[in-house]
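Structure first, commentary second.
Residue numbers (the UniProt record's numbering): 1 to 196.
Shown next, in the form of structure tokens:
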């Protein structure tokens, strides 16, 4: 089943990391029904799922290195040759060894909890990064719109300035024409008065 989100991929990786950690420290039986072959199959599916996720190439390569590390750890657990305790006639484990295994199990559980918290934190950080990126793009678009509006307003202001200058020039020409016409009429009157 393909993974629909990066958070789902992170959760599956955290689960497989816990299985690999248990196989490495306590052997195959402690990991339940999982074995190295099943772990590798799950990790291969996890690797294939990276293609469909919206991740940059560098992040995909980093995650593939993590998967390869889990595969190596799983192969090491299989090659270590886990020997389960013998039933019936086998000697009982000393209390010191039992206490040591209990402390190791507690440490593994704490490590699993930390892995879960880390996966959740990474997912939240990625979501916050996407939100910040969306807000940044919105601000950039708003600034671009404001710049376009300022350019339009500036162009309109220049057009109005040219129009006002043209009107002023037309008004000056009209006054000059009236003055010339008035002087012409006065000249005609003076000529008529001189003739009479």
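Where is the CB? At the ideal position from N, CA and C, for every residue including glycine.
For residue i, the three-state DSSP class (helix, strand or coil)
| i | result |
| --- | --- |
| residue 5 | coil |
| residue 36 | helix |
| residue 55 | coil |
CB of residue i within 9 Å of CB of residue j, strictly
| i | j | result |
| --- | --- | --- |
| residue 55 | residue 16 | no |
| residue 19 | residue 39 | yes |
| residue 67 | residue 53 | no |
| residue 123 | residue 10 | yes |
| residue 13 | residue 63 | yes |
| residue 112 | residue 21 | yes |
Residue environment, residue i, which counts as buried when at least 16 other CB atoms sit within 10 Å
| i | result |
| --- | --- |
| residue 6 | buried |
| residue 119 | buried |
| residue 175 | exposed |
| residue 138 | exposed |
| residue 114 | exposed |
| residue 23 | buried |
| residue 43 | buried |
| residue 87 | Summary for residue 87: the model assigns pLDDT 42, below 50, so the residue's position carries little reliability; its value from the coordinates is reported in the next sentence. Exposed, because fewer than 16 other Cβ atoms sit within 10 Å of the Cβ of residue 87. |
| residue 31 | At residue 31, the pLDDT of 43 sits below 50, so the modelled position is not reliable and the matter cannot be decided from this model. |
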